[in-house]
Each structure stands twice: as structure tokens, then as C-alpha cells.
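Enquirer:
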Amino acid sequence: MSAALIGLNVCVAAITLLGLGYFARVRMPRPPVGKYEAPDVLVVMAVVMVAPLLYLELPRTAVAVVFGLVLCAALQFTLAPLLGGGGGRGGLRAAVLAVLAVAATGGLALADRTLAVLVLTDVLLAIAVVGVAAMWAQSGFRSVHAAWFAGLLAVYDLVATALTSVMDRFAAQVMGLPFAPLLAVTRGDPPVALGLGDLLLIVLFPLVAAKAYGRAAALLAGALGVLASSAISVLFATGTLTGAFPLMVVLGPLIVAQHLHWRRRLGRERTTAEWRAGAVAAVPATAPAPALRAALDPLADPADLRERAGAAVGWVAVVDGEIVGAGPSAGSARRDAARRGAGAVPLVRQA
3 MSAALIGLNV CVAAITLLGL GYFARVRMPR PPVGKYEAPD VLVVMAVVMV
53 APLLYLELPR TAVAVVFGLV LCAALQFTLA PLLGGGGGRG GLRAAVLAVL
103 AVAATGGLAL ADRTLAVLVL TDVLLAIAVV GVAAMWAQSG FRSVHAAWFA
153 GLLAVYDLVA TALTSVMDRF AAQVMGLPFA PLLAVTRGDP PVALGLGDLL
203 LIVLFPLVAA KAYGRAAALL AGALGVLASS AISVLFATGT LTGAFPLMVV
253 LGPLIVAQHL HWRRRLGRER TTAEWRAGAV AAVPATAPAP ALRAALDPLA
303 DPADLRERAG AAVGWVAVVD GEIVGAGPSA GSARRDAARR GAGAVPLVRQ
353 A
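Here the sequence shown is numbered in my numbering, starting from 3 and rising by one per residue.
Here it is as C-alpha cells:
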């Protein structure tokens, strides 16, 4: 079981990195209408709450068909930008590939090839989660929305998993089905698997953090998500936990805490339009802005600048006329800019 738990968390880390790479390189089509608001988060939350109860009333075959159709659609819009764009030939190629992948998984299920079905379902689920997370993050889903969503999911997961049997019955209903919404490594008793909602939040928040606050926030979010999953796995491996555990009870507060931290440190988060335009994240107010701004004056006396800026500030990093980092050397100024979330490559000059 320990090997399976290690494998599960390796998969989670790999999917998180895949999501960050996809998000950085692929621009999803803009949504046709509006942007996310607080009521939209409540609507999504209502769907998450109702869906398991609905699936419990459906035959297993019907559940597999529904999940297969949803997964096929997610695969199509995830692969389309990689195959030549969302429309035209790229979209057609993606649709054909998605249908073939789903049909192959269904065929293997009919042939009772359980291991192959498990592996293919995991691969297709990982691709779909990356695409859905990137679409949400690039279509206006903000850090504050993710924090609200994670907090509400934490409460729901506590009730549905720990205080009632909803999630236990749902897992029993979908376990072994093709296209099951579980990142599963084994199907034993208990199975080693991670729910679709947990995986989506682990992958989604680093992307939202990258858009809102920059690379440092994204890397921290990704690391904490994998760390939370790994910590729970250790408790299972040592026998401290033996049944289903509501991971969102841990992950939800972590996401809320990160949002509050970056909001307090960097102020207003970037909008989707600012992120698409390449605007850098806000610089903390603790930077010695007046002295550093003086360093940009080409007519200023160098000795006077060093005296006013301080001996420790010998170099500054600048993007679009704004100082985004400082340090005693050119490299340290560039690293300071990256740490503060500067997305573009800065100009570095001596103070």
C-alpha cells in the first residue's frame, strides 16, 4: 500500500506540473459572455453538491456513459490548442482523438481489461483536469473565487465524507467504472485514489495564483497542494487513517490562507486582462520606492544615489518604468524581481 500511495502522490505532482506548463504556454479561447462573480461560485458549488446524489440514483452503466461524454468534451477543448487551434482542423483533430480515446477505454472495459481501463482513465482524467483548470483560470476565475470555493468545499467534504456516508456510497458506485471521477492507483479495500474535486483544486489554485500574483505564488501553491496530499498519505501508510478522509478539510484552509497572505502582501490581484497583457504582479509597499526611483534619474550623481538608496541597494530591476526588485548585485536584483512575482524579464541597471 505504501508504494501505491507514493505512486499516487507522484501522479499528483506530475499533473500539477503539467497544469502549470500548459497554463504558461497555451492560451484558451476567451469565454463568449461575462466573467466569474460570487453567485457563479455558488452555482458551481450547488452542482458539486447535487451531482453525487443524482449519480447514486442512476444505474452504473448510465453513470459511466455520462462521465464518458463529459470527459470526451473536456479532452477535445484541452487538446484543440495543441493540435492547431480551437476551431477548424485543430478542433476536428482534437475531437477525433478524444472520441477514439474514450471509445478505446470503453472497449477495454467491455473486454474486462481492468488494469488497462484504470490506467487509461487516469491518463484521460489528468488531461481533462489540466484543461478545465486552465480554462477556469484564464476565463476570469480569480484567487478570491478559488478561496471561497475551497472554503465551501471543505465544509461540504467534511459533511459528505466524515459525517455522512454520501462519499463512501458514491465511491462504491463509481469504483471500477471506466471514466470514474477518481485518480485511482489501486481498487483494493480501501482503494488508493484521489477524488476528482480534490485533484481539480490542487491543480487549479496554482494556475489562479500564477495569474493573480505571479510565479512565486504559483510554485508555493503547487508545493503545498502536493504536500497536503502527501501528508495524508503518510497517515494512511502508518495506519493512523484507515477509511475515507476529507482532503479538502486540509486543502481548503491552505488555499484560503494563501489567498489572504498574497492579498495582504501584494495588494490587488491581477485581472485576466492584465495577465494576458503581461502586466507584472504588484510590488510590496515595503520596497524603498523613492530612493530606488531616484536611481533611474540619468542626471543624478552616482555617489549621491548610493548614499540615499543605502549601501545594500546597488542595482535595481525595472519593467515598463516600474522598479520591481533591488539588490547589491545585478543577479540579486533580478532574483528579487522574480521572487516578487515579476512575470517579464526586467532591465537591470546600477544605482
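Heads up, the beta-carbon is just placed ideally off N, CA and C, and yes, glycines get one too.
At 4 residues or longer, and completely inside the region 163 to 246: list those alpha helix (DSSP H) runs for me, N to C.
Expert: As far as the region 163 to 246 is concerned, its whole alpha helix (DSSP H) runs of at least 4 residues are 168 to 176, 198 to 215 and 217 to 239.
Enquirer: I'd like to know if the region 124 to 140 and the region 194 to 214 are in contact, where contact means that at least 3 CB-CB pairs between them fall below 8 Å.
Expert: At 8 Å Cβ cutoff, the stretches touch.
Enquirer: Leaving out five residues on either side along the sequence, give the residues of the same chain with a beta carbon under 8 Å from the beta carbon of Ser-331.
Expert: Hits under 8 Å: Gly-316 and Trp-317.
Enquirer: With respect to the beta strand (DSSP E) encompassing Val-321, which residues constitute its N-terminal and C-terminal limits?
Expert: That run of the beta strand (DSSP E) goes 317 to 321.
Enquirer: Just mark Val-45 as buried or exposed, buried being the case when its beta carbon has 16 or more other beta carbons within 10 Å.
Expert: Exposed is the call here.
Enquirer: Give the DSSP-derived three-state secondary structure of Ala-302 in the structure shown.
Expert: Because Ala-302 sits at a pLDDT of 46, beneath the cut-off of 50, its placement in the model cannot be relied upon, and the point is left open.
Enquirer: Where does Arg-337 fall in DSSP's three states?
Expert: If DSSP states are grouped into helix, strand and coil, Arg-337 belongs with the helices.
Enquirer: Since I believe Leu-196 is in contact with Leu-10 (beta carbons under 8 Å), could you give me their beta-carbon distance rounded to a whole number of angstroms?
Expert: Confirmed, Cβ separation roughly 6 Å.
Enquirer: Taking the alpha-carbon positions, what's the Ala-96 to Leu-256 distance?
Expert: One C-alpha to the other measures close to 36 Å.
Enquirer: Within a Cβ cutoff of 8 Å, which residues of the same chain sit near Leu-349, ignoring the five residues on either side of it in sequence?
Expert: Only Ala-319, Val-320 and Val-321 meet the Cβ criterion.
Enquirer: For the candidate residues Asp-124, Ser-145, Leu-71 and Ser-4, whose alpha-carbon lies nearest to that of Arg-266?
Expert: The candidate whose alpha carbon is nearest that of Arg-266 is Ser-145.
Enquirer: Pop quiz: Ala-223 and Phe-238 are said to be a contact at Cβ under 8 Å. What is the actual Cβ separation, rounded to whole angstroms?
Expert: Actually they are not in contact, since the Cβ atoms of Ala-223 and Phe-238 sit about 23 Å apart, beyond 8 Å.
Enquirer: Compare the beta carbon distance of Val-251 and Leu-102 with 7 Å and say whether it is the shorter of the two.
Expert: Contact: no.
Enquirer: Would you check if the distance between the CB atom of Phe-181 and the CB atom of Leu-73 is smaller than 7 Å?
Expert: Yes; because the gap between Cβ atoms is below 7 Å, this pair is in contact.
Enquirer: Thinking just about the alpha-carbon of each residue, which of Gly-109, Phe-79 and Arg-115 is nearest to the one in Val-98?
Expert: Comparing Cα-Cα distances from Val-98 to each of Gly-109, Phe-79 and Arg-115, the minimum goes to Phe-79.
Enquirer: For Leu-60, does the three-state DSSP call read helix, strand or coil?
Expert: Leu-60 falls in the coil class under three-state DSSP.
Enquirer: To the nearest whole angstrom, what separates the beta carbons of Trp-150 and Val-43, a pair I think is in contact under 8 Å?
Expert: Contact flag correct, Cβ pair sits at about 5 Å.
Enquirer: For Val-205, which of Thr-188, Ala-340 and Leu-229 has the nearest alpha-carbon?
Expert: Of the candidates Thr-188, Ala-340 and Leu-229, the one whose C-alpha sits nearest the C-alpha of Val-205 is Leu-229.
Enquirer: Going by DSSP, which residues form a beta bridge with Gly-329?
Expert: In the DSSP output, where bridge partners are listed per residue, Gly-329 has Trp-317.
Enquirer: According to DSSP, simplified to helix, strand and coil, what is Arg-358?
Expert: No answer is possible for residue 358: the residues shown for the chain start at 3 and end at 353.
Enquirer: With DSSP run on the structure shown, which of helix, strand or coil describes Arg-342?
Expert: Coil.
Enquirer: Between which two residues does the alpha helix (DSSP H) holding Phe-143 run?
Expert: Segment: none, Phe-143 is in no alpha helix (DSSP H) and carries neither H nor E.
Enquirer: Might you give, ordered along the chain, the residues of its own chain that have their beta carbon closer than 8 Å to the beta carbon of Ser-4, omitting 5 neighbours on each side?
Expert: These residues qualify, in order along the chain: Ala-239.
Enquirer: In the DSSP assignment, what residue or residues form a beta bridge with Leu-349?
Expert: According to DSSP, which records beta bridges pairwise, Leu-349 is partnered with Val-320.
Enquirer: What is the DSSP secondary structure of Thr-273, counted as helix, strand or coil?
Expert: Looking at Thr-273 - three-state DSSP - the assignment turns out to be coil, as it is neither helix nor strand.
Enquirer: Can you give me the Cβ contacts of Ala-118 inside the same chain, cut-off strictly under 7 Å, excluding the 5 residues immediately before and after it?
Expert: The residues are Leu-110.
Enquirer: Would Ala-355 pass as a contact of Thr-188 if the rule is Cβ separation under 7 Å?
Expert: Given a span of 3 to 353 for the chain in the structure shown, any question on residue 355 remains unanswerable.
Enquirer: What separation, rounded to the nearest whole angstrom, lies between the Cα atoms of Ala-148 and Ala-113?
Expert: Their backbone Cα atoms lie some 41 Å apart in a straight line.
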